[in-house]
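The structure appears below as structure tokens.
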Amino acid sequence: MCDRYPIIYEIMWALSFNSRIREQLRIDQVFMHKLVQLEKDCHDEKMRKIAHGIFWNLELNHDEYALSEKNLGITFDIMISYSHVEKKICQELYEELTRKGFRVWIDFDQMHGNVMDTMAHAIEHSKTIIICMSESYRRSSYCRAEADYAFQRQLKIVPILLQKYYKPDGWLLFLIGQLYYVDFTKYDFPQAFDALMKEIKTPRFYDTPKRIVEVNQESDEVSFSSPVQLSTSLPSVLPDNVLDWSQVQVSQWLIEHNLVHMARLLCDYDGRSLIYFNEYLTKVNPQQMLTFLQEDSLRRTNQSLSVVELARFRSIYDKHQQSLVQSTTANERKKENDSADMCLMM
Numbered sequence: 006m007c008d009r010y011p012i013i014y015e016i017m018w019a020l021s022f023n024s025r026i027r028e029q030l031r032i033d034q035v036f037m038h039k040l041v042q043l044e045k046d047c048h049d050e051k052m053r054k055i056a057h058g059i060f061w062n063l064e065l066n067h068d069e070y071a072l073s074e075k076n077l078g079i080t081f082d083i084m085i086s087y088s089h090v091e092k093k094i095c096q097e098l099y100e101e102l103t104r105k106g107f108r109v110w111i112d113f114d115q116m117h118g119n120v121m122d123t124m125a126h127a128i129e130h131s132k133t134i135i136i137c138m139s140e141s142y143r144r145s146s147y148c149r150a151e152a153d154y155a156f157q158r159q160l161k162i163v164p165i166l167l168q169k170y171y172k173p174d175g176w177l178l179f180l181i182g183q184l185y186y187v188d189f190t191k192y193d194f195p196q197a198f199d200a201l202m203k204e205i206k207t208p209r210f211y212d213t214p215k216r217i218v219e220v221n222q223e224s225d226e227v228s229f230s231s232p233v234q235l236s237t238s239l240p241s242v243l244p245d246n247v248l249d250w251s252q253v254q255v256s257q258w259l260i261e262h263n264l265v266h267m268a269r270l271l272c273d274y275d276g277r278s279l280i281y282f283n284e285y286l287t288k289v290n291p292q293q294m295l296t297f298l299q300e301d302s303l304r305r306t307n308q309s310l311s312v313v314e315l316a317r318f319r320s321i322y323d324k325h326q327q328s329l330v331q332s333t334t335a336n337e338r339k340k341e342n343d344s345a346d347m348c349l350m351m
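Counted the way our numbering counts, the sequence shown spans residues 6 to 351.
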């Protein structure tokens, strides 16, 4: 394999995201020897970056790297991950975020040296990563490595769309999953930035179960490993009475029932608010209520409310309340029977 043809190594880098291909590359001694030579002796900066990228995918010690960085603390509030095709708007984004007081990491000068270590260091010291989605981002192996590692380290991921008419596909689609993203191509910059600020400031009440994704580079076939349950700080058991639920518990209940958009829309609702909300749904004219909710959803989340999800909310909420009534009735009957038994014994 000749180092005069970087495209070959670029293809190998892209393929090395697949676990089966990684195993084949690791046992190919000729390829590994050539890769070591490239990393040490090649004077072509681009080739060395590609070699670092392949090595990063082939190495198994990312957790060890994370542990070595763990005690150094958080340095950045936000990391911006982008393709240099979108450099202009990302620079504007960086300036606006820093003006708001955020500590932001971004690579404007296309890093030199071991770019993978620099990337990993930035991710280990950041709380949130903004994924700047475009076709060029999806095609970049470096961007993919950055996004994958941020996912592994469980950073809060905030996707934004920077290319008009582009729809996330391939590995990028499955990385962001059902996450809400801010469309910078649909709105002017100030309006889109306001929506981004809401996303950044939204607390992470929960971590959802995630699946590790493998994409076959040749066929774009996607396969999933078993779900990996991430740690959660939420209580596992909710009080029976909705009135006793906290804001976090309301979010937990909605998310457990796959009402993700409702959880975003009602993010500041406690149990009492949820009861009032359901009463409004019951008493107000349905068409009028739907109009109000759509307007509120667009204003608060910049996304339309699914009528199907709203209907599911009504159904699940009613079932919960019916179950509570039945449980309460059963307990009262048990108490009455116990009291009657006590009287007979006397």
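Glycine included, C-beta positions come from ideal geometry on N, C-alpha and C.
Out of the options, state which residue places its alpha-carbon closest to the alpha-carbon of residue i.
{"i": "Met202", "options": "Gly106, Ser146 and Glu140", "result": "Gly106"}
{"i": "Leu291", "options": "Tyr322, Ala56, Leu315 and Pro173", "result": "It is Pro, not Leu, that sits at residue 291 in the sequence shown. Nearest of Tyr322, Ala56, Leu315 and Pro173 to Pro291, Cα basis: Leu315."}
{"i": "Asp122", "options": "Cys137, Glu100, Met138 and Lys54", "result": "Lys54"}
{"i": "His57", "options": "Lys93, Tyr274, Val120 and Asn283", "result": "Val120"}
{"i": "Thr207", "options": "Trp61, Asp193 and Tyr185", "result": "Tyr185"}
{"i": "Gln326", "options": "Leu279, Leu30, Val109 and Lys288", "result": "Leu279"}
{"i": "Leu102", "options": "Ile205, Leu329, Tyr285 and Asp275", "result": "Ile205"}
{"i": "Pro195", "options": "Glu97, Met294, Ala125 and Phe36", "result": "Glu97"}
{"i": "His130", "options": "Leu40, Met17, Leu160 and Tyr281", "result": "Leu160"}
{"i": "Phe282", "options": "Val247, Glu50 and Arg304", "result": "Val247"}
{"i": "Gln168", "options": "Tyr142, Glu151 and Leu286", "result": "Tyr142"}
{"i": "Tyr171", "options": "Lys191, Tyr154, Phe156 and Asp153", "result": "Lys191"}
{"i": "Glu91", "options": "Arg104, Phe113, Thr80 and Arg108", "result": "Phe113"}
{"i": "Cys95", "options": "Leu298, His126 and Ala197", "result": "Ala197"}
{"i": "Arg317", "options": "Val289, Ile260 and Gln34", "result": "Ile260"}
Does the ligand ATP have even one heavy atom less than 7 Å from the beta-carbon of residue i?
{"i": "Gln257", "result": "In the structure on display, the ligand ATP does not appear, and there are no ligands present to speak of."}
Might you give, ordered along the chain, the residues of its own chain that have their beta carbon closer than 6 Å to the beta carbon of residue i, omitting 5 neighbours on each side?
{"i": "His262", "result": "Ile321"}
{"i": "Arg144", "result": "none"}
Between the beta-carbon of residue i and the beta-carbon of residue j, is there less than 8 Å?
{"i": "Ile162", "j": "Ile128", "result": "no"}
{"i": "Ser88", "j": "Ile134", "result": "no"}
{"i": "Ser139", "j": "Glu15", "result": "no"}
{"i": "Trp258", "j": "Asp275", "result": "no"}
{"i": "Asp199", "j": "Leu166", "result": "no"}
{"i": "Arg149", "j": "Trp176", "result": "yes"}
{"i": "Ser21", "j": "Leu63", "result": "yes"}
{"i": "Lys132", "j": "Asp82", "result": "yes"}
{"i": "Met84", "j": "Trp110", "result": "yes"}
{"i": "Leu295", "j": "Arg319", "result": "no"}
{"i": "Asp245", "j": "Ser332", "result": "yes"}
{"i": "Leu40", "j": "Ile59", "result": "yes"}
Under a three-way DSSP split, which group does residue i fall into?
{"i": "Thr133", "result": "strand"}
{"i": "Pro244", "result": "coil"}
{"i": "Trp18", "result": "helix"}
{"i": "Ser251", "result": "coil"}
{"i": "Lys191", "result": "coil"}
{"i": "Val35", "result": "helix"}
{"i": "Pro291", "result": "helix"}
{"i": "Lys51", "result": "helix"}
{"i": "Leu166", "result": "strand"}
{"i": "Ile205", "result": "helix"}
{"i": "Lys105", "result": "coil"}
{"i": "Ile26", "result": "helix"}
{"i": "Phe113", "result": "coil"}
{"i": "Asp273", "result": "coil"}
Give a yes or no on whether 8 Å exceeds the smallest Cβ distance from residue i to chain C.
{"i": "Arg143", "result": "Absence of chain C from the displayed structure is noted, only one protein chain being present."}
Apart from the five residues just before and just after residue i, which ones in its own chain have a Cβ nearer than 7 Å to its Cβ?
{"i": "Val255", "result": "Leu271, Tyr274, Asp275, Gly276 and Leu279"}
{"i": "Ser73", "result": "Residue placement at Ser73 is poorly supported in this model, since its pLDDT is 48, which falls under 50; the coordinates still yield a value, given next. Excluding positions up to five away in sequence, the list is empty."}
{"i": "Tyr99", "result": "Ile85, Val109 and Ile111"}
{"i": "Thr334", "result": "none"}
Closer than 8 Å by C-beta to residue i: which residues in its own chain qualify, once you throw out the five before and the five after it? Chain order, please.
{"i": "Ile181", "result": "Ile136, Met138, Ile162, Pro164 and Pro173"}
{"i": "Arg31", "result": "Met37 and Leu63"}
Item checked: the segment 297–312 contacting the segment 260–279, beta-carbon criterion three pairs below 8 Å -> yes
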